[in-house]
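S.K.: The structure is given below, and queries will be raised subsequently.
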Amino acid sequence: MKTSISRRDFIKLGTFSGITVMFGRLPSVQAVEVHSGAHGSDWVGADGKAKFRWDAIRKVTGQKVFARDFRAKDLPGWTNAQSHAFFIKATDIEHAFAGVDLSVLGPDLQPDRMLMHEDLERDGVQVPQPPDLGKGFYGTYFLLPKGRTAPLYGHPVALLIYNDFDRFEAAKRTLRFARGVVQYGNATGPRPPSNYGAARYVRIAGATPTDPPEFSPMQDAVIWGAFDGNKPTWPPADPNAVFVPTSVLPRHRGGGAVRDPATVAQETRKPMQSGMAAAAAIEQSIEAARNSPDKLVLQRKAFSQSVDPSAMEPDNGNAWYDAKTRSLHVLMAAQSPYEVARVVAEMVKDNKRFPVEHIELVSGTTVGYGSKDHSIFPFYTVAACFYGNGRAVRLANDRYEQFQLGMKRHSIDADLTLVVDKESGRFETLKAFYHLNGGGRANFSFSVAQVAATAGQSNYYFPQSDMSAAAIASAAVEAGSMRGYGTLQSMSMTELLVDEAAAELGMDAIELRQRNALRAGQPNTQGAVPLGEPRLVEMLDRAAAHPLWINREQVKATYEAQNPGRRYGVGFAQVQKDYGSGADTSALVLEFDAAGKITMRHCVQELGTGATTAQQVMVQQLLGKAPDVAVFGKTEFEQLPLKSNLEPFTITQEQQDELSKDPYWVPFMLPAMSASNSVYFLGFGTRQAALFLLEHAIWPAAKAIWSEGPAGGQINSGNVQMTDLRAVPGGIGGGGMSPIPFEQLAKRAHEMGLITGVALHCFSRWEWARAEFDIPGVGVRTLPVDALAVRYGVGASAALKNRMTTGGYDYIHRSRVHFPATRLNNAGVTTYTPAACLVELNVNTFTGRVELMQHHSLLDPGNVVVPELVSGQQQGGLAMGIGHALFEELPLYEDGPGNGTWNFNRYVLPRGKDVAVWSQTAEYLAPLSETSPPKGLAEVVMIPVVPAIGNAIAHAIGKRLYHLPFTPEKIKQALA
């Protein structure tokens, strides 16, 4: 059995900075070497339901799947010579770096090559600085220069390369906890980077929720801030004052969003000043409420800790520089191969010492919970390989190194104020400030801060809101886009506050939520209206009727009488979490041959969520058959020769209107795998492609077959329409017609010369782009896509076949296009998934330990594609949320992971016994209709359990905790 990837498995990814970049997926491991996209059909049943993931067999049988599994010898075209490398890192952030002393290794364990900053500087190997991400996004230096102070704990100062594994491993173990290896000089004090940015979202409603607001970010402006030390400052009221924000980075999760602060300050000076006047009016109303007996004003300070993503696969990479051919070969574990490709090309362009003309990337299935989204690690791997002397160089973190160098979830300090009308129980105002610690490398910290602020409303409507956030730099380990992206922290805090408000009002906590839950058509705190029916009240009604909630007081009395020293509590929380980035795309090719073989080439990449399985099931649900060949992680579509300036968040309306005249231009090309975007946003393209073939190939072919025979066939006396078609095992039926196998339909479609393949691209900025196309043989159609190409069947006319000149397809120039207005960049979000959780627990009053007894989850997933995948996300998310609530915590500074001593012997993850694994239950709201779309849910499923545990603890002990995690020590202190 051969485990490798063939040269034909490489896909052209694109050309960046004049360098051709190729991309390949790791292969399926089969008895013979085959195309990476070919696979059997044993994973899907005759009923079209997935029996297991399409790649499950190779995973459970221990075959090579993850990037970490592969060495140079496993990759065709690579050298067989494999070297290994590891970092030496600084753990002192108050003294200048002076050098490295490797004498502890003795003569036998000295590296074959030691790299320092000066080597990289001499050879022009520098940290990439993509202009769309902003200077310092990936930091300043790969390796700390002598005389400089480390900006964060654990910053690499040297890289040691070994040509044999045994010496490498022995040296690494010897140096792991050795003292005196890194030498320091003069005391300088901490030298973190400049703070990353501050933003404020202010809204005052009109007379009713649906009237135009007095002020909102979407209608008027986001307010950008600067800093006085670590304290944010905002535009002054003086119209003549000069104020320039620190950074302008419109909320995003994918790059392309940095704007010049001075320009923005000039363009939006008046709207921002109006926003500050609105903020002042809100503060005045809060002060008035404090003095009113009719109002409840709760102000609380809250804290959420730094945690490690604890992904199963630590960061790793392998790279080989072939100087003879000027080619760079990179094996990576990344959530966005496209992003790595373009940044690597930017990094190596014009390098005279190591000229690169061709790049090949290989990616495996990975998992990262955001930690592999825009990570610096792939670029460290590339830098290392230039010094391999013709050998491939592998850089792979062990767990100590992953704790020290890997991205973390942000710790957040918050100040929250909630105003409630006592008589009606209606929320009137929410004011919140979130102070995020981004550590010593910028990454997405400012973006996470903005998302935390915009999500702080949880699932409630507020007539007035003032939500602000600041991302500060510190010497802590870098924090980035970990699962939840700031929302777990901010929404958990709001849910704790709402529960306390209910107690102060003497009201049932779910009833208070019912009165204030966001209704359909009501805007969020940015002024945008969420998509569709929120279903929040329906979910609250279900929770209120659950026995855990109804019987909580009676059970509490009985349990505590029978269990002295233990306090019983039930807690509830409900949130709605956005999915999508605001510049979401999907691209794929879907086609079938005359024998009925379906081939799909898709941009989606597997992160362990089962996204690649779900995309194939979507095709089966519409066409009656899953793809026979599926290629994922594809980032170049020759059928769609598109171009983009990659600035979807900063482009002006005037620029967009002008650029959209070019039939090849789109606002953004391809997505990263983040923001819970696969099932809805990437799946949107999959469903559009399958629907297109259903309408323009399968339906006419089916009609032709059903019309055969006397008197116009079986279809003639009825009124069967395309909308009557349904997928049946192996093909298409519906409307009372005889089912037709897909192979027969495919053969007829080709004979008729119908469209038998489609390539398309979609774009959403909280609204799908729509374009008009004049399709030969079909006519003018308006579709929710911005680029379209088609392939005609073998029986098509010569005239049609002659049009197939773009990658074997006919690229249809759009005759007109509507891209979503650029003002929607201020909308925050419009796509949400609600989730709720009831938690039953007890607290040991002697030890402070919390024991989860039972928990019940509620979720609105829309139309579920693969139920088992949703269940897996649900259960895994719950475990992660429970870990955040009760166990996981990292100190930020000298005692934290940056000192290199942290591993799972110190960092506590929840075990099965901690998560009520055998007594957990869940219910999913049935979709409103069969046309309800599936919803992104990978992040939301972990959030409500966190505040539900906090609220259950409050019910149990009568004390409210706002500082996470809820440890035994904190509980004992509260009880003292």
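For the sequence shown, UniProt numbering begins at 1 and goes up steadily by one.
Each residue gets a CB set at the ideal place from its N, CA and C atoms; glycine is no exception.
Source: prediction; values computed, not measured.
1) With DSSP as the reference, label Y434 as helix, strand or coil.
2) Looking at the structure shown, is R567 part of a helix, part of a strand, or coil, going by DSSP?
3) Could you compute how far the alpha carbon of I11 sits from the alpha carbon of A697?
4) If you compare alpha carbons, which of S285, G580, F243 is closest to residue 979?
5) Within the continuous alpha helix (DSSP H) that includes T487, where are the two ends?
6) How far does the alpha helix (DSSP H) with K703 in it extend, from its first residue to its last?
7) Going straight from the alpha carbon of V182 to that of A158, what length do you get?
8) Starting from Q920, trace the beta strand (DSSP E) both ways and give me its first and last residue.
9) Check whether the segment 472 to 480 touches the segment 401 to 412, counting contact only when three or more Cβ pairs, one atom from each stretch, lie closer than 8 Å.
10) Inspect the beta-carbon positions of F724 and G713 and report whether they are closer than 8 Å.
11) Out of D228, M272, A689, which one is the CA nearest neighbour of P239?
12) Identify the residues that DSSP records as bridge partners of G757: which are they?
13) Just checking my contact of T487 with K372 at CB under 8 Å: how many whole Å lie between their CB atoms?
14) Out of K431, A383, F177, which has the shortest C-alpha to C-alpha gap to E287?
15) Does the structure place the segment 851 to 859 close enough to the segment 686 to 701 that three or more beta carbon pairs sit under 8 Å?
16) Relative to the C-alpha of Q744, which residue among S764, K625, Y680, V451 is closest?
17) Is it the case that the Cβ atoms of A442 and G136 are separated by a distance below 8 Å?
18) With DSSP as the reference, label Y559 as helix, strand or coil.
19) Ignore the nearest five residues each way along the sequence and tell me which others in R803's own chain have a CB closer than 6 Å to its CB.
20) Which runs of the beta strand (DSSP E) at least 3 residues long sit entirely within the segment 49 to 123? Give them in chain order.
21) So, does the segment 41 to 59 touch the segment 603 to 620, judging by three or more C-beta pairs under 8 Å?
22) Mind checking who residue 987 pairs with in its DSSP beta bridge?
23) Relative to the C-alpha of V940, which residue among Y962, G883, L909, A835 is closest?
24) Does the segment 122 to 138 come close enough to the segment 65 to 78 to have 3 or more Cβ pairs within less than 8 Å?
25) Apart from the five residues on each side of it in sequence, which residues of its chain come closer than 6 Å, Cβ to Cβ, to H813?
26) CA-CA distance, E33 and H39?
27) Ends of the beta strand (DSSP E) at G734?
28) Would you say P419 and K295 are within 8 Å of each other, going by their C-beta atoms?
29) Considering only DSSP beta bridges, list what E840 is partnered with.
30) Under 8 Å, do S660 and F773 count as touching if we go by C-beta distance?
31) Under 8 Å between the Cβ atoms of H955 and G571?
32) Please report the Cβ distance between A471 and N195, rounded to the nearest whole angstrom; I am assuming they are in contact, meaning their Cβ atoms lie under 8 Å.
33) Closest to P232 by C-alpha separation, out of A746, S458, F446, would be which residue?
34) Exposed or buried, residue 980, counting other C-beta atoms within 10 Å across all chains shown (16 or more means buried)?
35) Would you kindly report the start and end of the unbroken alpha helix (DSSP H) that includes Q620?
36) With distances taken from CA atoms, which of A170, R122, G438, G439 is nearest N351?
M.R.: This is what the structure holds:
1) Residue 434 sits at position 434 when you count from the first residue of the sequence shown. It is a strand residue.
2) Position 567 of the sequence shown, counting from 1, holds the residue named residue 567. Of the three classes helix, strand and coil, the one that applies to R567 here is strand, per DSSP.
3) What you label residue 11 is simply residue 11 of the sequence shown in a count that begins at 1. What you label residue 697 is simply residue 697 of the sequence shown in a count that begins at 1. Residue placement at I11 is flagged as unreliable, the pLDDT there being 46, under the threshold of 50; a coordinate-derived value is accordingly withheld.
4) Nothing about residue 979 can be read from this structure; the chain reaches only from 1 to 976.
5) Indexing the sequence shown from 1 puts residue 487 at position 487. Taken as a continuous stretch (DSSP letters only), the alpha helix (DSSP H) holding T487 covers 487 to 505.
6) Taking the sequence shown and counting its residues from 1, the one referred to as residue 703 is at position 703. Where K703 is concerned, the enclosing alpha helix (DSSP H) stretches over 699 to 706.
7) Numbered from its first residue, the sequence shown carries residue 182 at position 182. Numbered from its first residue, the sequence shown carries residue 158 at position 158. Between the alpha carbons of V182 and A158 lies a distance of about 9 Å.
8) Within the sequence shown, residue 920 is the residue found at index 920, counting from 1. Per DSSP, Q920 belongs to the beta strand (DSSP E) from 920 to 924.
9) yes
10) By 1-based counting over the sequence shown, the position of residue 724 is 724. By 1-based counting over the sequence shown, the position of residue 713 is 713. Per the sequence presented here, residue 724 reads as Asp, with Phe not at that position. Their beta carbons are not under 8 Å apart, which means D724 does not touch G713 by this criterion.
11) In the sequence shown, the residue the question calls residue 239 occupies position 239. Residue M272 is the option with its Cα nearest to P239.
12) Stepping through the sequence shown from its first residue, residue 757 is reached at position 757. E591, R791.
13) Within the sequence shown, numbered from 1, the residue matching residue 487 stands at position 487. Within the sequence shown, numbered from 1, the residue matching residue 372 stands at position 372. Incorrect: roughly 20 Å between the Cβ atoms, too far for contact.
14) As a first step, residue 287 must be located in the sequence shown, where it is residue number 287. The option with the nearest alpha carbon to E287 is K431.
15) Between the segment 686 to 701 and the segment 851 to 859 there are fewer than three C-beta pairs closer than 8 Å, too few to call the two in contact.
16) For the purposes of this step, residue 744 is taken as residue 744 along the sequence shown, with counting starting at 1. Comparing Cα-Cα distances from Q744 to each of S764, K625, Y680, V451, the minimum goes to K625.
17) Here residue 442 refers to the residue found at position 442 when the sequence shown is read from its first residue. Here residue 136 refers to the residue found at position 136 when the sequence shown is read from its first residue. A contact, by the Cβ cut-off of 8 Å.
18) Sequence index remark: in the sequence shown, residue 559 carries index 559 (1-based). Y559: helix per DSSP, three-state reduction.
19) The count along the sequence shown starts at 1 and reaches residue 803 at position 803. Excluding residues within five positions, the ones whose Cβ falls inside 6 Å are D810.
20) 82 to 89, 95 to 100, 113 to 115
21) Taking a cut-off of 8 Å on C-beta distances, the segment 41 to 59 touches the segment 603 to 620, as three or more cross pairs fall below it.
22) A question about residue 987 goes unanswered here, because the residues of the chain that appear run from 1 up to 976.
23) Walking along the sequence shown from the start, residue 940 turns up at place 940. Nearest C-alpha to V940: A835.
24) no
25) To locate residue 813, count along the sequence shown from 1; it is residue 813. Excluding residues within five positions, the ones whose Cβ falls inside 6 Å are P663.
26) As a position in the sequence shown, residue 33 is number 33, starting the count at 1. As a position in the sequence shown, residue 39 is number 39, starting the count at 1. Residue placement at E33 is flagged as unreliable, the pLDDT there being 22, under the threshold of 50; a coordinate-derived value is accordingly withheld.
27) Position 734 of the sequence shown holds residue 734. Start and end: 731 to 734.
28) Sequence index remark: in the sequence shown, residue 419 carries index 419 (1-based). Sequence index remark: in the sequence shown, residue 295 carries index 295 (1-based). The sequence given here places Val at residue 419; Pro does not occur at that position. A contact, by the Cβ cut-off of 8 Å.
29) In the sequence shown, the residue the question calls residue 840 occupies position 840. Answer by DSSP bridge pairing, in chain order: V570, Q854.
30) Reading the sequence shown from its first residue, position 660 is the one you call residue 660. Reading the sequence shown from its first residue, position 773 is the one you call residue 773. No.
31) Counted from its first residue, the sequence shown places residue 955 at position 955. Counted from its first residue, the sequence shown places residue 571 at position 571. Against a cut-off of 8 Å, the Cβ pair of G571 and H955 comes out as a contact.
32) What you label residue 471 is simply residue 471 of the sequence shown in a count that begins at 1. What you label residue 195 is simply residue 195 of the sequence shown in a count that begins at 1. Contact holds; Cβ gap of about 7 Å.
33) What you label residue 232 is simply residue 232 of the sequence shown in a count that begins at 1. The residue with the shortest Cα to Cα distance from P232 is F446.
34) Within the shown structure, residues of the chain are numbered from 1 to 976, placing residue 980 beyond reach of any answer.
35) Translated into the one-based positions of the sequence shown, residue 620 becomes position 620. Element bounds for Q620: 611 to 623.
36) To locate residue 351, count along the sequence shown from 1; it is residue 351. Of the candidates A170, R122, G438, G439, the one whose C-alpha sits nearest the C-alpha of N351 is R122.
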